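The structure appears below as C-alpha cells.
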Amino acid sequence: MLFSNVYKMNNYQDFMDYFHIDNRLEIYDVKQTETSEGYVCDEKHRYEDTVNENVKVFNELLDFIYKTWPDVKLTLITLPISKAWKDIRSSSKYESWEKEYMDIIAKANEKYPFIFKSYFDHEICDDLRYFNDKEHLNYVGAVEFTRILEKDFLE
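The sequence shown maps to residues 631 to 785 in my numbering.
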C-alpha cells in the first residue's frame with residue numbers, strides 16, 4: 631500500500647474533529663446540497679485579490695521547489711469531487727473558472743516539468759458511497775483513492 635494505515639497508527643487522532651471514526655464513514659446524501667443554503671460555493675462573487683494571491687503563491691512554491699531540488703519529479707493532482715459537485719460545476723461561471731484554473735496549471739507546466747493529473751472527472755466521483763459531503767472523500771473513499779493513486783503512479 632502506498633501509505634500505511636496512518637490513521638490507525640496514531641489512534642485516529644487525525645479525525646479529532648469527529649466524535650468517532652464512524653462519523654468519517656458517513657455517506658453523502660445529495661439532499662444536503664438542496665437543503666444547505668450557503669454551503670454551495672457563492673458563484674455571484676469573485677475574489678480577485680484572493681485568486682491573484684493564490685496564483686502568485688502557487689508559482690512561488692514551484693519556483694522554490696525547482697530551485698531547491700532541480701531534479702525533483704513533482705506530480706500535482708486535483709482530488710475527486712462528488713457527482714453532486716460536478717452537477718453544480720456545470721454552470722457557465724464554474725466552467726469558465728475551471729478553465730481558468732486549468733489554464734493556470736498549463737501555463738505553470740510550460741515553465742516547470744511537473745506531471746499533472748486531474749481526478750475531477752474520475753469514475754470514483756460517480757459513487758457517493760465514497761464521499762462524506764459533496765467535496766470530501768470519506769474514509770472508505772480515501773482508501774479507494776489511495777488504491778487508484780497506487781495504480782496510476784506505482785505500477
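Note that CB positions come from ideal geometry on N, CA and C, so glycine has one too.
Being a predicted model, the structure only gives us computed values, none of them experimental.
What does a CB cutoff of less than 6 Å around residue i pick up in its chain, not counting 5 residues either side in sequence?
| i | result |
| --- | --- |
| methionine 732 | none |
| leucine 691 | none |
Can you tell me the Cα-Cα spacing of residue i and residue j, whole angstroms?
| i | j | result |
| --- | --- | --- |
| valine 773 | leucine 779 | 10 Å |
| lysine 729 | phenylalanine 744 | 19 Å |
| phenylalanine 746 | valine 681 | 20 Å |
| aspartate 701 | tyrosine 742 | 11 Å |
| aspartate 756 | proline 710 | 10 Å |
| alanine 738 | aspartate 693 | 10 Å |
| lysine 703 | valine 687 | 20 Å |
| leucine 706 | aspartate 679 | 24 Å |
| isoleucine 615 | glutamate 725 | Residue 615 cannot be examined here, being either before or after the span of the chain that is shown, 631 to 785. |
| arginine 676 | tryptophan 727 | 10 Å |
| lysine 697 | leucine 758 | 41 Å |
| leucine 784 | tryptophan 699 | 22 Å |
Considering just the uninterrupted stretch of the beta strand (DSSP E) at residue i, what are its terminal residues?
| i | result |
| --- | --- |
| lysine 764 | Unbroken run through lysine 764: none, as it is neither H nor E. |
| phenylalanine 746 | 745 to 748 |
| leucine 706 | 705 to 708 |
Which residues in the same chain as residue i place their Cβ atom closer than 8 Å to its Cβ, once the five residues preceding and following it in sequence are excluded?
| i | result |
| --- | --- |
| aspartate 751 | Lys716 |
Excluding the five sequence neighbours on either side, which residues of its own chain have a C-beta within less than 7 Å of the C-beta of residue i, listed in chain order?
| i | result |
| --- | --- |
| tyrosine 760 | Ile754, Leu767, Asn768, Val770, Gly771 and Glu774 |
| threonine 665 | Here the model assigns threonine 665 a pLDDT of 44, short of 50, so the residue's position is not dependable, and the following value carries that caveat. Answer for threonine 665: no residue qualifies. |
| asparagine 689 | Ala738 |
Please say whether residue j and residue i have beta carbons closer to each other than 7 Å?
| i | j | result |
| --- | --- | --- |
| serine 712 | lysine 781 | no |
| threonine 776 | tyrosine 749 | no |
| valine 685 | isoleucine 735 | no |
What are the boundary residues of the alpha helix (DSSP H) that includes residue i?
| i | result |
| --- | --- |
| glutamate 753 | From DSSP, glutamate 753 is part of no alpha helix (DSSP H); its letter is neither H nor E. |
| tyrosine 696 | 678 to 698 |
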